[in-house]
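Chains as they are written, first to last, in this note's numbering: chain A, 122 to 534; chain B, 43 to 301. Cβ atoms here follow ideal geometry from the backbone N, Cα and C, with glycine treated the same way.
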Amino acid sequence: MDLLYFTEQPMSAYDEEAGRDFGATALMFSNKHFDPKEGSRLYNEFIEQYKLAEEVGIDGIMLNEHHNAPFCMQAKANIFASILAAVTEKMKIVMLGNPLPLSENPVRLAEELAMIDMISKGRLVSGIVRGGGQEQLAAGVNPAYNRERFEEAHEILTRAWTEEGPIRHEGKHYQNRVINPWAVPLQKPYPRIWVPGVISKETIVWAAKQRYPYVALNTSIEETKKIWEFYDSIAEEVGYTAGPENRGYLIQTHISDTEEKAEQNARQFRWMQGEFTGLAHPVWSTPSGYSSPSNRRAFVEFSAGLRQNPRGRTTFEQQVADKRIIFGTPDQVVAKLKIILEQTRPGILSLWGNDGKVSQEDSLTCIRLMGEEVFPAIREIAKELDLKSPDEANAPVHLKYSTDLRKPAVAAE
Amino acid sequence: MPIEWKESTHKVAGTNLRVMEAGSSSPTVILHHDIGTLDKLPFYEAMAVNSHVIIPTHPGWGLTSERPEWMRSIRDIAAMYRMHLAEQGVTKANLIGLGFGGWIAAEMMTMAPADTGKVVLVGAMGMQPKDAYILDMAIVGYLDYARAFFHDEAKFTDVYGEPDGDMLEGFDICREMSFRTAWKPYMFSQTLPNLLQSATNETLVVWGDDDKVVPAECADLFCAALPNARKEVVAGCGHAVDMEKPDELAALASAFLNA
Numbered sequence: 122m123d124l125l126y127f128t129e130q131p132m133s134a135y136d137e138e139a140g141r142d143f144g145a146t147a148l149m150f151s152n153k154h155f156d157p158k159e160g161s162r163l164y165n166e167f168i169e170q171y172k173l174a175e176e177v178g179i180d181g182i183m184l185n186e187h188h189n190a191p192f193c194m195q196a197k198a199n200i201f202a203s204i205l206a207a208v209t210e211k212m213k214i215v216m217l218g219n220p221l222p223l224s225e226n227p228v229r230l231a232e233e234l235a236m237i238d239m240i241s242k243g244r245l246v247s248g249i250v251r252g253g254g255q256e257q258l259a260a261g262v263n264p265a266y267n268r269e270r271f272e273e274a275h276e277i278l279t280r281a282w283t284e285e286g287p288i289r290h291e292g293k294h295y296q297n298r299v300i301n302p303w304a305v306p307l308q309k310p311y312p313r314i315w316v317p318g319v320i321s322k323e324t325i326v327w328a329a330k331q332r333y334p335y336v337a338l339n340t341s342i343e344e345t346k347k348i349w350e351f352y353d354s355i356a357e358e359v360g361y362t363a364g365p366e367n368r369g370y371l372i373q374t375h376i377s378d379t380e381e382k383a384e385q386n387a388r389q390f391r392w393m394q395g396e397f398t399g400l401a402h403p404v405w406s407t408p409s410g411y412s413s414p415s416n417r418r419a420f421v422e423f424s425a426g427l428r429q430n431p432r433g434r435t436t437f438e439q440q441v442a443d444k445r446i447i448f449g450t451p452d453q454v455v456a457k458l459k460i461i462l463e464q465t466r467p468g469i470l471s472l473w474g475n476d477g478k479v480s481q482e483d484s485l486t487c488i489r490l491m492g493e494e495v496f497p498a499i500r501e502i503a504k505e506l507d508l509k510s511p512d513e514a515n516a517p518v519h520l521k522y523s524t525d526l527r528k529p530a531v532a533a534e
Numbered sequence: 043m044p045i046e047w048k049e050s051t052h053k054v055a056g057t058n059l060r061v062m063e064a065g066s067s068s069p070t071v072i073l074h075h076d077i078g079t080l081d082k083l084p085f086y087e088a089m090a091v092n093s094h095v096i097i098p099t100h101p102g103w104g105l106t107s108e109r110p111e112w113m114r115s116i117r118d119i120a121a122m123y124r125m126h127l128a129e130q131g132v133t134k135a136n137l138i139g140l141g142f143g144g145w146i147a148a149e150m151m152t153m154a155p156a157d158t159g160k161v162v163l164v165g166a167m168g169m170q171p172k173d174a175y176i177l178d179m180a181i182v183g184y185l186d187y188a189r190a191f192f193h194d195e196a197k198f199t200d201v202y203g204e205p206d207g208d209m210l211e212g213f214d215i216c217r218e219m220s221f222r223t224a225w226k227p228y229m230f231s232q233t234l235p236n237l238l239q240s241a242t243n244e245t246l247v248v249w250g251d252d253d254k255v256v257p258a259e260c261a262d263l264f265c266a267a268l269p270n271a272r273k274e275v276v277a278g279c280g281h282a283v284d285m286e287k288p289d290e291l292a293a294l295a296s297a298f299l300n301a
């Protein structure tokens, strides 16, 4: 099992009152509320967290990026991946991931990732995402072509990594007449690609057709089981049997020396006014074209006040009861995670350890306990449950490298 | 006598194009806004009294309109309409372009000035304002955007009725088509100002005095680019002159087209 540490890299020093007054903490919420002095302090604290994570034996760091919002300070995940490539020695660098549609030139992205893979000596996991709705607007990218750009950029990325150059791509959204990057990945055929998501069916289908692991982001146990059921059914159609190596799970988990302190810090998972990504604006988070009109309708109605928020709102207590937020001492956390592992059987587990205004001292304690006490116990449980990571299972990097398909591989769409 | 409307569907550029028509004599194509259109509006009825009014639904706009996946620009829509008119044997049609439809009308003019009659551009998009920006629908709500079309926002409800799910989904689908065809640059063409310099058709540029969607300076930019244009401003009126002051617009347009 791959055991990872994740933080959203919260910009905890922003003015919350201003966010509440504005009514949204995304896209148009002014960056005058971003303080670069605090930003500098926080970025360096995150680097300290990641270095400790390696010292205490955590397998990898999960990185992501978001734009125009305080809930996540990473505007370019490749920058932190580059830093980790240089300041760490053993850990996997897990991008979850690069928002492909935001890229105007996927060849450049292929070059950056290849450099990170070489500098890190083959420790890169190059996850990819569509990017959130408001990310499209922040980058000036047309949301109506989000999925098409995602799939086309993926094609360019993997061709640039695997085909001898120079090659040429003339697609609908990207035209690269000379693709011949003098930086290619160390890992062959290419660094593993994992695909994170919340529940988008189209993305699950796409990931399963590529045979890329799907990483469920803080979904409930029941939702997660439905995702696997769906993924597995697509895998069967394509001709392979999915297992733990195809499944990742991210969960908000804070560990402390005492249950009381753990709970106090776990409440910070709701620091963005109880919302996953802060106070959202339904028109920005689900722009027209970003998904199908029928999928959008509930958000469109919500935006006009004709119905409740389709994402729903749950209390901290409910999220704890649903095991979507876990906190406690190492023993308590291991017991709760064991239930999740038994029920959802992932081969990749990422703990979202710290959020909001959790102090650096408490964040470091959480990471130390995670690496020294929680993960060793989880490794044993994973062995008992036979939860293998993609590497442990020697899973193919992509469907086309499969040797076990029950019928000839069809080109993934 | 009530106006009789005829609905028809035509295959143009491989896409089913829905058209509403009424009236007789001089052909006049009316091109609707980016938020789609209701089938019947007082302005359409008024124009059908003295002309053969042809109102296509922009392909992909609205709940039931077939989406042309291939379409990428306003010029694509303009070319489609040109082909439709040619196939129907309609020559020298007048064009009335409403907001976003005004941009399509302007593109159609530049494609075939000799096969275009007179042109009325009403709060037309298509020109890049220098002192302000065209209102960005991407960052405002569906109802807020549609209401911004009116000087008196209460008029929105008079025209559209109380909002419901279908109305909103319709606005959302129209918005997606606007993104698919006019995302970048947003709602203007960088080449139109030059092309319009050779479009000698008589043109009436009409603007509401309180257009909150397309800055009023765009009226002057159209007049500066077009060799044969003049401007009329409608008082107490927003972007959707056709819906907020239908009688005034019909009077202006009819007098201009029939002069």
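> Distance, Cα to Cα, Gly248 of chain A vs Ile277 of chain A?
Replying inline: Residue 248 of chain A sits at position 127 when you count from the first residue of the first sequence. Residue 277 of chain A sits at position 156 when you count from the first residue of the first sequence. In this structure, the CA atom of Gly248 of chain A is about 15 angstroms from the CA atom of Ile277 of chain A.
>> Looking only at its chain, what residues have a beta carbon closer than 8 angstroms to the beta carbon of Ile179 of chain A, apart from the 5 residues adjacent to it on each side?
In response: For the purposes of this step, residue 179 of chain A is taken as the residue at position 58 of the first sequence. Within the same chain, and ignoring the five residues on either side of Ile179 of chain A in sequence, the residues whose Cβ sits closer than 8 angstroms to its Cβ are Leu124, Leu125, Tyr126, Met212, Ile488, Met491, Gly492, Phe496.
>> Given this structure, state the Cα-to-Cα distance separating Asp81 of chain B from His74 of chain B, to the nearest angstrom.
In response: Within the second sequence, residue 81 of chain B is the residue found at index 39, counting from 1. Within the second sequence, residue 74 of chain B is the residue found at index 32, counting from 1. Computed Cα separation, rounded: 10 angstroms.
>> So, for Lys134 of chain B: in the same chain, excluding its five sequence neighbours on each side, which residues have a beta-carbon less than 7 angstroms away from its beta-carbon?
In response: Counting from 1 along the second sequence, the entry for residue 134 of chain B is found at position 92. Same-chain partners within the cutoff: Asp157, Thr158, Gly159.
> Between Asn535 of chain A and Leu371 of chain A, is the Cβ-Cβ spacing less than 8 angstroms?
Replying inline: With chain A represented from 122 up to 534, any question about residue 535 of chain A goes unanswered, as that position is not in the structure.
>> Against chain A, which members of the segment 168-197 of chain B pass a CB distance test of less than 8 angstroms?
In response: Ala180, Ile181, Val182, Gly183, Tyr184, Leu185
>> Quick test of your reading: Gly253 of chain A and His187 of chain A, contact by CB under 8 angstroms. State the CB separation rounded to the nearest angstrom.
In response: Residue mapping note: residue 253 of chain A aligns to position 132 of the first sequence, counting from 1. Residue mapping note: residue 187 of chain A aligns to position 66 of the first sequence, counting from 1. Right, the Cβ-Cβ distance comes to about 7 angstroms (below 8 angstroms), so this counts as a contact.
>> With three or more beta-carbon pairs closer than 8 angstroms as the criterion, would you say the segment 228-244 of chain B touches the segment 160-171 of chain B?
In response: yes
>> With a threshold of 8 angstroms between beta-carbons, can Ala265 of chain A be considered close to chain B, or not?
In response: Translated into the one-based positions of the first sequence, residue 265 of chain A becomes position 144. By this cut-off, Ala265 of chain A is an interface position.
> Which one of A:Thr524, A:Arg388, A:Ser241 has the shortest CA to CA distance from Thr436 of chain A?
Replying inline: Translated into the one-based positions of the first sequence, residue 436 of chain A becomes position 315. Looking at the Cα atoms, A:Arg388 is the closest of the given residues.
> What runs of the beta strand (DSSP E), each 3 residues or longer, lie entirely inside the segment 203-291 of chain B?
Replying inline: Runs of the beta strand (DSSP E) lying entirely within the segment 203-291 of chain B and spanning at least 3 residues, in chain order: 245-250, 271-276.
> For the putative contact between Gly410 of chain A and Ala265 of chain A, defined by C-beta atoms under 8 angstroms, what is the C-beta separation to the nearest angstrom?
Replying inline: For the purposes of this step, residue 410 of chain A is taken as residue 289 along the first sequence, with counting starting at 1. For the purposes of this step, residue 265 of chain A is taken as residue 144 along the first sequence, with counting starting at 1. 3 angstroms between Cβ atoms; contact.
>> If contacts are defined as beta-carbon pairs under 8 angstroms, then Gly181 of chain A and Val215 of chain A qualify, I think. What distance do you get, rounded to the angstrom?
In response: Along the first sequence, one-based indexing puts residue 181 of chain A at 60. Along the first sequence, one-based indexing puts residue 215 of chain A at 94. Right, the Cβ-Cβ distance comes to about 5 angstroms (below 8 angstroms), so this counts as a contact.
>> Going by DSSP in three states, Ile277 of chain A sits in which element: helix, strand or coil?
In response: Translated into positions along the first sequence, residue 277 of chain A becomes position 156. Helix, per DSSP.
> Can you check whether the CB of Lys478 of chain A is closer than 8 angstroms to the CB of Trp392 of chain A?
Replying inline: If you number the first sequence from 1, residue 392 of chain A lands on position 271. If you number the first sequence from 1, residue 478 of chain A lands on position 357. Yes.
>> Between A:Gly318, A:Val359, A:Ile348, A:Glu323, which has its C-alpha nearest Val330 of chain A's C-alpha?
In response: For the purposes of this step, residue 330 of chain A is taken as the residue at position 209 of the first sequence. The residue you asked about is not Val; residue 330 of chain A is Lys in the sequence shown. Cα-wise, what sits closest to Lys330 of chain A is A:Val359.
>> Taking the alpha-carbon of Asn430 of chain A as reference, which of A:Glu225, A:Ser413, A:His402, A:Leu184 has the nearest alpha-carbon?
In response: Working through the first sequence from its first residue, we reach residue 430 of chain A at position 309. When each option's Cα is compared against that of Asn430 of chain A, the closest is A:His402.
> Taking Cβ-Cβ distances below 8 angstroms as the criterion, which residues of the segment 206-217 of chain B are in contact with chain A?
Replying inline: Asp206, Gly207, Leu210, Glu211, Phe213, Asp214, Ile215, Arg217
> Is the shortest distance between the beta-carbon of Trp225 of chain B and the beta-carbons of chain A less than 8 angstroms?
Replying inline: Locating residue 225 of chain B in the second sequence gives position 183, where the first residue counts as 1. Taking Cβ atoms only, chain A reaches closer than 8 angstroms to Trp225 of chain B, which makes this a yes.
> Along chain A, in chain order, which residues have C-beta atoms closer than 7 angstroms to that of Arg117 of chain B?
Replying inline: For the purposes of this step, residue 117 of chain B is identified with residue 75 of the second sequence, where counting begins at 1. Near Arg117 of chain B there are no residues of chain A at all, since even the closest Cβ is about 17 angstroms away, more than 7 angstroms.
>> Looking at chain B, is there any beta carbon in it that lies within less than 8 angstroms of the beta carbon of Gly252 of chain A?
In response: Residue numbering aside, residue 252 of chain A sits at position 131 when the first sequence is read from its first letter. No, Gly252 of chain A does not count as interfacial toward chain B.
>> Between Thr374 of chain A and Ile447 of chain A, how many whole angstroms is the CB-CB distance? I'm expecting something under 8 angstroms.
In response: One-based indexing of the first sequence puts residue 374 of chain A at position 253. One-based indexing of the first sequence puts residue 447 of chain A at position 326. 4 angstroms between Cβ atoms; contact.
> Would you report the Cα separation of Leu506 of chain A and Ile342 of chain A, rounded to the nearest angstrom?
Replying inline: Translated into positions along the first sequence, residue 506 of chain A becomes position 385. Translated into positions along the first sequence, residue 342 of chain A becomes position 221. Approximately 17 angstroms between the Cα atoms of the pair.
>> Excluding the 5 residues flanking Phe298 of chain B on each side, which residues of the same chain have their C-beta closer than 7 angstroms to its C-beta?
In response: Here residue 298 of chain B corresponds to residue number 256 of the second sequence, with the count starting at 1. For Phe298 of chain B, where only same-chain residues beyond five positions count, the Cβ hits under 7 angstroms are Lys160, Val162, Leu246.
> Which residues bound the beta strand (DSSP E) around Pro69 of chain B?
Replying inline: Taking the first residue of the second sequence as 1, we reach residue 69 of chain B at position 27. Its beta strand (DSSP E) spans residues 69-73.
>> Looking at the ligand ADP, does it come within less than 7 angstroms of Ser224 of chain A, judged from the CB to the closest heavy atom?
In response: With respect to small molecules bound, the structure shown includes none, and the ligand ADP cannot be examined in it.
> Which one of A:Pro302, A:His519, A:Phe423, A:Lys242 has the shortest CA to CA distance from Gly286 of chain A?
Replying inline: Indexing the first sequence from 1 puts residue 286 of chain A at position 165. Comparing Cα-Cα distances from Gly286 of chain A to each of A:Pro302, A:His519, A:Phe423, A:Lys242, the minimum goes to A:Pro302.
> Considering Gly254 of chain A, what are the terminal residues of the alpha helix (DSSP H) in which it resides?
Replying inline: Reading the first sequence from its first residue, position 133 is the one you call residue 254 of chain A. 254-259 is the extent of the alpha helix (DSSP H) around Gly254 of chain A.
> Who are the Cβ neighbours of Arg466 of chain A in its own chain at under 7 angstroms, not counting the five residues just before and after it?
Replying inline: On the first sequence, residue 466 of chain A is found 345 positions in, with the first residue counted as 1. Excluding sequence neighbours, Arg466 of chain A sits near Pro365, Arg368, Leu506, Leu508.
>> Which complete beta strand (DSSP E) runs does the segment 412-463 of chain A hold, if anything under 3 residues is left out?
In response: 446-449
> Mind pulling the chain A residues with CB within less than 7 angstroms of Phe221 of chain B?
Replying inline: Taking the second sequence and counting its residues from 1, the one referred to as residue 221 of chain B is at position 179. Under the 7 angstroms cutoff, chain A gives Asn263, Pro264, Ala265, Ser409, Gly410.
>> Which of the three DSSP states is assigned to Val535 of chain A in this structure?
In response: What the structure shows of chain A is the stretch from 122 to 534, and residue 535 of chain A is not part of that stretch, so it cannot be assessed.
> Hey, Glu46 of chain B and Arg60 of chain B: beta-carbon distance below 8 angstroms or not?
Replying inline: Sequence index remark: in the second sequence, residue 46 of chain B carries index 4 (1-based). Sequence index remark: in the second sequence, residue 60 of chain B carries index 18 (1-based). Not in contact: Glu46 of chain B and Arg60 of chain B (Cβ atoms no closer than 8 angstroms).
> Smallest Cα separation from Ile97 of chain B: which of B:Cys260, B:Tyr86, B:Lys53, B:Gly56?
Replying inline: Here residue 97 of chain B refers to the residue found at position 55 of the second sequence. Looking from the CA of Ile97 of chain B, the closest CA among B:Cys260, B:Tyr86, B:Lys53, B:Gly56 belongs to B:Tyr86.
> Are the beta-carbon atoms belonging to Pro191 of chain A and Met132 of chain A less than 8 angstroms from one another?
Replying inline: Counting from 1 along the first sequence, the entry for residue 191 of chain A is found at position 70. Counting from 1 along the first sequence, the entry for residue 132 of chain A is found at position 11. The answer is yes: Cβ separation under 8 angstroms.
>> If we define contact as Cβ-Cβ less than 8 angstroms, is Glu422 of chain A a contact residue for chain B?
In response: Within the first sequence, residue 422 of chain A is the residue found at index 301, counting from 1. Yes, because at least one Cβ of chain B sits closer than 8 angstroms to the Cβ of Glu422 of chain A.
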